[in-house]
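Quick notes on the structure that follows.
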Amino acid sequence: SREVQLAARPQGEPQHSDFNIVDIELPAPGQGQIQVRNLFLTVDPYMRGRMNDVKSYTPPFALGETMTGGAVGVVTHSEDARVPVGAHVLHDQGWRTHANIDAGRVKVLPELDGVPFSAYLGVLGMPGLTAYAGLLRTAEFREGDVVFVSGAAGAVGSAVGQIARLKGASRVIGSAGSAEKVAHLTGNLGFDAAFNYKEGPVAEQLKAAAPDGIDVYFDNVGGEHLEAAISAMHSMGRIAICGMISQYNSTEPTPGPRNMVQIIGKQLTVRGFLVTPHYDLFDTFAQEVGGWIASGELKFDETVVEGIDQTPEAFMGLLKGQNTGKMIVKL
Ligand code: NDP
Numbered sequence: 007s008r009e010v011q012l013a014a015r016p017q018g019e020p021q022h023s024d025f026n027i028v029d030i031e032l033p034a035p036g037q038g039q040i041q042v043r044n045l046f047l048t049v050d051p052y053m054r055g056r057m058n059d060v061k062s063y064t065p066p067f068a069l070g071e072t073m074t075g076g077a078v079g080v081v082t083h084s085e086d087a088r089v090p091v092g093a094h095v096l097h098d099q100g101w102r103t104h105a106n107i108d109a110g111r112v113k114v115l116p117e118l119d120g121v122p123f124s125a126y127l128g129v130l131g132m133p134g135l136t137a138y139a140g141l142l143r144t145a146e147f148r149e150g151d152v153v154f155v156s157g158a159a160g161a162v163g164s165a166v167g168q169i170a171r172l173k174g175a176s177r178v179i180g181s182a183g184s185a186e187k188v189a190h191l192t193g194n195l196g197f198d199a200a201f202n203y204k205e206g207p208v209a210e211q212l213k214a215a216a217p218d219g220i221d222v223y224f225d226n227v228g229g230e231h232l233e234a235a236i237s238a239m240h241s242m243g244r245i246a247i248c249g250m251i252s253q254y255n256s257t258e259p260t261p262g263p264r265n266m267v268q269i270i271g272k273q274l275t276v277r278g279f280l281v282t283p284h285y286d287l288f289d290t291f292a293q294e295v296g297g298w299i300a301s302g303e304l305k306f307d308e309t310v311v312e313g314i315d316q317t318p319e320a321f322m323g324l325l326k327g328q329n330t331g332k333m334i335v336k337l
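Numbering-wise, the UniProt record's numbering puts 87 at position 81 of the sequence shown, and it's gapless, one number per residue.
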């Protein structure tokens with residue numbers, strides 16, 4: 007197995023020298039195990055946090071050990087009757103080409119017409135559920151809401167905007183980091199308005215895109231975006247704090263929004279969430295979002311990087327916005 011290990015804890019932006027790629031001899035799988043050859047790996051923003059040596063909701067990656075993360079593989083050897091050779095499985099032994107895994111820890115994946123298996127790492131997997139649960143539960147989305155989502159061209163954000171539209175939002179606004187992404191949001195994904203946050207102050211651009219204000223802000227970015235959203239919120243508005251990617255490479259604590267006092271007068275709900283406790287929604291989510299994908303009402307994009315040796319590059323690219331939709335490594 008060819009595997010990617012964490013060689014050093016990144017200071018600020020991750021560098022190539024923070025990763026080591028090594029070849030490891032895998033033994034035959036033991037009783038109750040399967041061996042998989044990975045087909046697709048995911049790189050996700052939360053992995054940046056796991057590269058720091060700090061206590062968090064997931065323990066840090068160990069130095070000199072192969073990292074973990076979502077992957078889809080095909081079973082090449084099985085010592086458990088429940089998971090046959092040839093099955094496609096979702097599991098957490100990513101950042102490597104092959105793995106031996108306890109059969110009870112994988113999920114056998116159905117093959118869907120016209121949908122690649124990589125979708126189980128994106129729109130039909132953890133990021134898709136994050137969008138669904140974060141919008142519908144955490145932000146308590148209601149029909150008629152005006153919804154603003156940052157990181158809107160990414161895996162989570164593009165699903166948030168489209169789910170909001172399909173559930174009857176009165177207006178959906180997205181922000182992203184390039185003119186191409188902005189054109190894609192309004193041209194292909196059905197956003198009513200979108201802007202490039204690198205082109206001018208977020209507050210001004212949000213005001214132009216949502217002159218009458220917003221009811222829901224789905225935050226993937228933090229910082230200036232969060233401050234702008236607080237100012238644009240209607241009374242009783244709801245903010246779901248999903249991520250703050252603008253801070254993940256910060257080496258110093260970053261200042262909070264300067265307008266937090268508005269949370270009181272507007273009686274806002276600002277609620278952070280993790281996707282983990284929302285897996286009870288998974289079947290409902292998979293059925294509804296799967297249906298919209300099948301009917302073509304919900305679209306998803308992937309940026310595919312090829313080869314295990316390119317995994318660090320894919321991860322670094324993700325943090326720099328080189329992806330539209332889900333960043334995937336294809337082996
Ligand atoms: P994305 O596919 O959205 O990729 C990350 C994107 O972040 C990049 O494409 C880039 O797009 C954008 N970005 C990078 N730096 C900045 C910056 N300084 N300011 C604004 N945007 C920036 O990743 P995901 O969809 O997987 O994740 C989106 C967010 O959701 C992340 O914050 C992540 O941590 C969070 N998340 C939270 C979960 C939870 O359980 N709470 C679960 C899953 C994800 P651009 O070109 O637009 O800058």
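All C-beta atoms in this analysis are idealised placements derived from N, C-alpha and C, irrespective of residue type, glycine included.
Contact test: residue 192 Cβ vs the ligand FAD heavy atom, cutoff 8 Å: By its list of ligands, the structure shown excludes the ligand FAD, since it contains just the ligand NDP.
Continuous alpha helix (DSSP H) stretch holding residue 270: start and end: 268–271 is the span of the alpha helix (DSSP H), which, as asked, contains residue 270.
Cβ neighbour criterion (16 or more within 10 Å) applied to residue 254: Counting Cβ neighbours within 10 Å, residue 254 comes out buried, since at least 16 surround it.
Under 9 Å between C-beta atoms of residue 188 and residue 196: With respect to the 9 Å criterion, residue 188 and residue 196 are not classified as neighbours on the basis of their beta carbons.
Closer than 8 Å: residue 259 CB and nearest the ligand NDP heavy atom: Flag unset: Cβ of residue 259 not near the ligand NDP.
Boundaries (first-last residue) of the beta strand (DSSP E) holding residue 223: Note, residue 223: beta strand (DSSP E), 220–225.
The ligand NDP heavy atom lying under 8 Å from the CB of residue 245: No, the beta carbon of residue 245 sits no closer than 8 Å to any heavy atom of the ligand NDP.
Closest residue to residue 125 among 141, 165, 156 (Cα-Cα distance): When C-alpha distances from residue 125 are compared across 141, 165, 156, the shortest belongs to 165.
Span separating the alpha-carbon of residue 328 from that of residue 334: Those two C-alpha atoms are separated by around 12 Å.
Local Cβ density within 10 Å of residue 35, reported as buried at 16 or more and exposed below that: By the neighbour-count definition (other C-beta atoms within 10 Å, threshold 16), residue 35 is a buried residue.
Cβ contact (3+ pairs, closer than 8 Å) linking the stretch 260–274 and the stretch 227–241: Put simply, the stretch 260–274 touches the stretch 227–241. At least three CB pairs are less than 8 Å apart.
Where residue 321 sits in the DSSP three-state scheme: Correct three-state label for residue 321: helix.
Cβ distance (whole Å) where residue 317 is taken to contact residue 10 below 8 Å: That pair is a contact at about 5 Å.
Beta bridge counterpart(s) of residue 53 as assigned by DSSP: According to DSSP, which records beta bridges pairwise, residue 53 is partnered with nothing at all.
Nearest-angstrom Cα separation, counted from residue 268 out to residue 113: Per the coordinates, the alpha-carbon of residue 113 lies some 45 Å from the alpha-carbon of residue 268.
Nearest to residue 51 (by Cα), restricted to the options 337, 28, 322, 330: Nearest C-alpha to residue 51: 322.
Residues that residue 44 bridges to, as DSSP identifies them: Bridge partners of residue 44: 79.
Distance CB(residue 150)-CB(residue 157) smaller than 9 Å: Contact annotation: residue 150 and residue 157 have beta-carbon atoms that are not nearer than 9 Å.
Strand pairing of residue 154, partner residues [DSSP]: Beta-bridge pairing links residue 154 to 179, 223.
Buried versus exposed call for residue 155 [16 or more other C-beta atoms within 10 Å across all chains shown]: Looking at its Cβ environment, which holds 16 or more other Cβ atoms inside 10 Å, residue 155 is buried.
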